[in-house]
Amino acid sequence: MKREERTRITKSKIFLAAIEEFGTNGYAGGSINNICKTGINKGLVYHNYKDKDELYLECVRKSCEDLIEYIINQKADVSFVDYMSARMTFFEENELEAYIFLEARSSPPKHLKNQIQIIYTKLDKLNMAVYEKELSRHELRSGVTREEVINYFAEIQKIYNLNFVSRFSSKMSPHDQLALHEMNIHRMFDLMLYGIAKGGNER
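Under this note's numbering, the residues of the sequence shown are numbered 40 to 242, in order.
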């Protein structure tokens with residue numbers, strides 16, 4: 040077996056073990072030592088990955104890329120309802136990646152926050168594209184521009200993600216936490232799009 044193939048297989052084993060570790064214990068509870076307990080040599084881990092941070096970021100990147108790929112393959116980026124449904128289906132089928140996604144999105148390690156935001160840039164662009172498609176189906180109020188609405192929602196979602204971690208109980212399972220996260224995003228978009236006052240701008 041060629042060296043390149045051995046390296047690929049080794050990295051794959053390390054990565055799968057890391058997904059299991061961080062998807063079960065999160066960043067704070069996860070460790071290289073636990074990953075090595077699966078039979079992987081610690082020297083090989085550090086030969087392929089600089090440290091725990093690099094390995095965790097690779098897991099975050101994979102969970103994000105897999106989610107995007109699933110949504111695109113399901114052609115679920117056309118409507119907001121289909122989009123949210125596809126996200127939940129992906130998370131139900133990939134619970135380890137779902138936990139990594141939830142933690143990195145809602146309560147990332149502080150020293151990795153900027154790097155994680157960069158990783159999620161493509162997903163954020165996809166989110167905005169879906170919102171824009173949904174908005175195109177509606178006539179906006181006079182004096183309200185599409186750009187204003189998109190910027191407004193982006194800010195609301197940013198605040199929501201920053202504060203979500205303080206709104207759920209640590210006793211909730213990762214699946215229930217994520218279901219609540221997705222449901223609240225859906226509800227938030229619905230309120231933004233259709234308003235809260237009966238009769239719209241009636242006085």
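Ideal Cβ positions, reconstructed from N, Cα and C, are used throughout, including at glycine. Nothing here was measured: the structure is a model prediction, and the numbers come from that model.
Can you tell me where the alpha helix (DSSP H) holding residue i begins and where it ends?
i	result
residue 105	91-112
Can you tell me whether residue i is buried or exposed? The criterion is at least 16 other CB atoms within 10 Å of its CB, across all chains shown.
i	result
residue 68	exposed
residue 153	exposed
residue 51	exposed
residue 179	exposed
residue 104	exposed
residue 230	exposed
residue 169	buried
residue 45	exposed
residue 166	buried
residue 186	exposed
residue 88	buried
residue 181	exposed
residue 111	exposed
residue 91	buried
So is residue i in contact with chain B if we call contact Cβ pairs under 8 angstroms?
i	result
residue 169	The structure shown contains no chain B; it holds only a single protein chain.
* **Those runs of the alpha helix (DSSP H) which lie wholly inside the stretch 105-173 and span at least 4 residues** => 119-132, 134-145, 152-158
* Note down, one range per segment and in chain order, each alpha helix (DSSP H) of at least 4 residues found wholly within the stretch 52-95. => 71-75, 81-87
* **Sequence ranges, alpha helix (DSSP H) only - wholly within the stretch 172-201, length at least 4** => none
* Pair every Cβ in the stretch 125-132 with every Cβ in the stretch 51-65, then say whether three or more of these pairs are closer than 8 angstroms. => no
* For the stretch 108-119 and the stretch 165-179, state whether three or more C-beta atom pairs, one from each stretch, are separated by less than 8 angstroms. => yes
* Is there contact between the stretch 83-101 and the stretch 153-168, where contact requires at least three CB pairs shorter than 8 angstroms? -> yes
* To do: State whether the stretch 137-149 contacts the stretch 217-236, with contact taken as three or more CB pairs (one from each stretch) at a distance under 8 angstroms.
  => Segments in contact, yes.
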